[in-house]
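**Student:**
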Amino acid sequence: MNFKIVSKENNSLARAGVISTSHGDILTPAFVTVGTKATVKALSMEQVREAGSQVVLANTYHLYLEPGDDLVRDAGGLGKFMNWNGPTMTDSGGFQVFSLGAAFGKKISKVAKNESGIWIESGEIPKDERTPTLVEITEEGVKFKSYLDGSEHFFTPERSMEIQSDLGADIIFAFDECTSPDASYEYQKEALDRTHRWASRSLSHHKSLARKWDQALFGIVQGGRYQDLRKESARVLAGMNFDGYGIGGSFEKEDMGNAVRWVNEILPENKPRHLLGIGEPIDLILGIENGIDTFDCVVPTRLGRNGTIYTKYGRMIITNAEFRKDFSPIQADCECYTCLHYSRAYVAHLFRANEMLAGTLASIHNLHFLTKIVADAREAILDDRFFEYKKEVLDNYLK
RNA sequence: GGGUGUGUCGCAUAGUGGCAAUUGCACUGGGCUGUAAACUCAGCGGCCUUCCGGCCUCCGCAGGUUCGAGUCCUGCCGCACCCA
46 MNFKIVSKEN NSLARAGVIS TSHGDILTPA FVTVGTKATV KALSMEQVRE
96 AGSQVVLANT YHLYLEPGDD LVRDAGGLGK FMNWNGPTMT DSGGFQVFSL
146 GAAFGKKISK VAKNESGIWI ESGEIPKDER TPTLVEITEE GVKFKSYLDG
196 SEHFFTPERS MEIQSDLGAD IIFAFDECTS PDASYEYQKE ALDRTHRWAS
246 RSLSHHKSLA RKWDQALFGI VQGGRYQDLR KESARVLAGM NFDGYGIGGS
296 FEKEDMGNAV RWVNEILPEN KPRHLLGIGE PIDLILGIEN GIDTFDCVVP
346 TRLGRNGTIY TKYGRMIITN AEFRKDFSPI QADCECYTCL HYSRAYVAHL
396 FRANEMLAGT LASIHNLHFL TKIVADAREA ILDDRFFEYK KEVLDNYLK
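Using this note's numbering, the first residue of the first sequence is number 46, and each one after it goes up by one.
(1) Pull up the CB-CB distance for residue 134 and residue 77, whole angstroms please, since I reckon it's below 8 Å.
(2) Does DSSP put residue 188 in a helix, in a strand, or in coil?
(3) Can we say the region 204–214 touches the region 243–255, given the rule of at least three CB pairs closer than 8 Å?
(4) What do you get for residue 96, buried or exposed, if any count of 16 or more other CB atoms within 10 angstroms of its CB means buried?
(5) Let me make sure I understand the geometry here. Which of 118, 47 and 58 has the alpha-carbon closest to that of residue 423?
(6) Kindly provide the ranges of any alpha helix (DSSP H) runs that are 4 or more residues long and lie completely inside the region 226–289, ordered along the chain.
(7) Anyone know if the C-beta pair for residue 270 and residue 313 falls short of 8 Å?
(8) Could you name the residues that DSSP lists as bridge partners for residue 216?
(9) Start and end of the alpha helix (DSSP H) containing residue 115?
(10) With a 10 Å radius around its C-beta and 16 neighbouring C-beta atoms as the bar for buried, classify residue 429 as buried or exposed.
(11) From residue 304 to residue 295, what distance separates their C-alpha atoms?
(12) Look at the Cβ atom of residue 211, then the Cβ atom of residue 114, and state whether they are nearer than 8 Å.
(13) Compute the distance between the beta-carbons of residue 99 and residue 132, then report whether it is under 8 Å.
(14) Terminal residues of the continuous alpha helix (DSSP H) containing residue 94?
(15) Tell me, to the nearest whole angstrom, how far the beta carbon of residue 209 is from that of residue 105; I am working on the premise that it is less than 8 Å.
(16) Under three-state DSSP, which class holds residue 205?
(17) Please state the DSSP three-state secondary structure of residue 342.
(18) Should residue 280 be labelled buried (16 or more other beta-carbon atoms within 10 Å of its own) or exposed?
(19) Alpha carbon to alpha carbon, what distance is there between residue 440 and residue 71?
(20) At the level of alpha carbons, what is the spacing between residue 416 and residue 409?
(21) Please identify the residue among 255, 362 and 50 whose C-alpha is closest to the C-alpha of residue 213.
(22) Leaving out the 5 sequence neighbours to the left and right, which residues in its chain are closer than 6 Å to residue 425 when beta-carbon positions are compared?
(23) Helix or strand or just coil, what does DSSP make of residue 391?
(24) List the DSSP bridge partners of residue 361.
(25) Within the same chain, show all residues whose beta-carbon is closer than 6 Å to that of residue 298, passing over the 5 residues directly before and after it, in chain order.
(26) Using only alpha-carbon positions, find the residue among 420, 419 and 387 that is nearest to residue 407.
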């Protein structure tokens, strides 16, 4: 993998570049489509490509459980297996430490909206009153109970590297612990130090593995919503020789742009930075402004399947009564396949009728919408009018 | 004509005399950020209330029994099936 910065915006950390992999180039900033189980839900790879996607990210934990990383390896690697001939990434399983752990069975998001101004920290809840989870974290690694059949599996940084080596993505991530926004400072600190040790173990094990293919390894910055921990994490990881960096963990919605800037002011400028699992239109703009090169997020496909559709004027819930007889396209000037051929009324009908095509058409539009926001931001950086572009997007979206 | 059933929120269903009444679908609104997710939460007779809640109306229609009836009784109406 190789990264080249093509253009920098003068008054921010924004930059446009190219990540070259053995499966092709990624023009950055770029939005990475999530295909957890080696499939982008409800879409064919042709549709993913046509919607504007350059890269697909799959998940180590899911593919290890099903169908097994050795099978994917024998199939010729992730891209070949899933019929995606472009660049690929795999997440390490670190997010599942959160989603199947602290977040399991709870209504908790890693992007916290601190509306009340009051945080209830999980550390304040006695251990025996906490919801049971599927993970158990130790210094050595994480014991997972399979969400499929309850069987136990032990993940370590080394194991994650081996599995990701089998999967064969172009860019892979260190095994980390994604912490919950309601974790206490003390816990965040403890988890952060452990994640740093895991980063170091990931790196050295990755180097020691017989290389089946050319894989870049990204370290993951953590630190939750604390400025000092975020900066400390960036410094520690910058000191390790990763090929690039992921920024993970939980954020305070209102503070996301700042959190990204704290980190990116420290990370080496000449290496790509990936903001893990972030996603919404405004977040993308703020991320780019503060030096992010790539993003991945489930939000276009998940929201799409669940009936929420992005437009440049904000989200719309397509099943709302007002769209029943609305024969206009989802967004008048959108050039995605869905908008070119179908009306709001039709998509709404498909959702009400529980037809599979509903999720497909909505996902195509949402994916196109987000990839276009990011691609247009790239153009704006190249043309030296990023802030103009930012204002236009925000003014419309928040209108 | 005779008999046996049966009528509960748009549809379909629960419902031992203390019930504003179960559940599913539909409907209405919300949530979803490195996918445990084509998922999930809430509302769904009316009015009032700051929470607790309060008041009114209500189970085909009309009477009756009872402290109290969706539940029991009588009649009527509708529907289903069986016998003629």
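By construction, the Cβ of each residue, glycine as well, lies at the ideal position given by its N, Cα and C atoms.
Because the structure is a prediction, the values reported are computed rather than measured.
**Tutor:** This is what the structure gives:
(1) What you label residue 134 is simply residue 89 of the first sequence in a count that begins at 1. What you label residue 77 is simply residue 32 of the first sequence in a count that begins at 1. The beta-carbon separation of residue 134 and residue 77, rounded to 6 Å, stays under the 8 Å limit for a contact.
(2) Mapped onto the first sequence, residue 188 falls at position 143. Three-state DSSP puts residue 188 in a strand.
(3) Touching, yes, given that three or more Cβ pairs across the two stretches are closer than 8 Å.
(4) In the first sequence, counting from the first residue as 1, residue 96 sits at position 51. Residue 96 counts as buried, since at least 16 other C-beta atoms from the protein chains shown sit within 10 angstroms of its C-beta.
(5) Working through the first sequence from its first residue, we reach residue 423 at position 378. Taking residue 423 as reference, the option from 118, 47 and 58 with the minimal CA-CA separation is 58.
(6) You should have 230–253 and 272–283.
(7) Taking the first sequence and counting its residues from 1, the one referred to as residue 270 is at position 225. Taking the first sequence and counting its residues from 1, the one referred to as residue 313 is at position 268. When the beta-carbon positions are compared, residue 270 and residue 313 stay at least 8 Å from each other.
(8) Working through the first sequence from its first residue, we reach residue 216 at position 171. According to DSSP, residue pairing for residue 216 in a beta bridge involves 134 and 261.
(9) Your numbering for residue 115 matches position 70 in the first sequence. That run of the alpha helix (DSSP H) goes 114–119.
(10) As a working note, residue 429 is residue 384 in the first sequence. Exposed: under 16 other Cβ atoms inside 10 Å.
(11) Counting from 1 along the first sequence, the entry for residue 304 is found at position 259. Counting from 1 along the first sequence, the entry for residue 295 is found at position 250. In this structure, the CA atom of residue 304 is about 10 Å from the CA atom of residue 295.
(12) Translated into positions along the first sequence, residue 211 becomes position 166. Translated into positions along the first sequence, residue 114 becomes position 69. Yes, they are a contact pair.
(13) What you label residue 99 is simply residue 54 of the first sequence in a count that begins at 1. What you label residue 132 is simply residue 87 of the first sequence in a count that begins at 1. Closer than 8 Å, so yes.
(14) Position 49 of the first sequence, counted from the start, is the residue given in the question as residue 94. Counted as a single uninterrupted DSSP element, the alpha helix (DSSP H) harbouring residue 94 occupies residues 90–95.
(15) As a first step, residue 209 must be located in the first sequence, where it is residue number 164. As a first step, residue 105 must be located in the first sequence, where it is residue number 60. Confirmed, about 5 Å.
(16) Indexing the first sequence from 1 puts residue 205 at position 160. Residue 205 falls in the helix class under three-state DSSP.
(17) Here residue 342 refers to the residue found at position 297 of the first sequence. DSSP, read as helix, strand or coil, puts residue 342 in strand.
(18) By 1-based counting over the first sequence, the position of residue 280 is 235. By the neighbour-count rule (16 or more Cβ atoms within 10 Å), residue 280 is not buried but exposed.
(19) By one-based count along the first sequence, residue 71 stands at place 26. By one-based count along the first sequence, residue 440 stands at place 395. Spanning the two alpha carbons is a distance of roughly 29 Å.
(20) Against the first sequence, residue 416 aligns to sequence position 371. Against the first sequence, residue 409 aligns to sequence position 364. Approximately 11 Å between the Cα atoms of the pair.
(21) To locate residue 213, count along the first sequence from 1; it is residue 168. Out of 255, 362 and 50, 255 has the C-alpha closest to the C-alpha of residue 213.
(22) Position 380 of the first sequence, counting from 1, holds the residue named residue 425. Hits under 6 Å: 431 and 434.
(23) As a position in the first sequence, residue 391 is number 346, starting the count at 1. DSSP places residue 391 in helix when its eight states are reduced to three.
(24) Here residue 361 refers to the residue found at position 316 when the first sequence is read from its first residue. Paired residue(s): 354.
(25) Numbered from 1 along the first sequence, position 253 holds the residue referred to as residue 298. Cβ neighbours of residue 298 beyond the five flanking positions: 156 and 158.
(26) Counting from 1 along the first sequence, the entry for residue 407 is found at position 362. When each option's Cα is compared against that of residue 407, the closest is 387.
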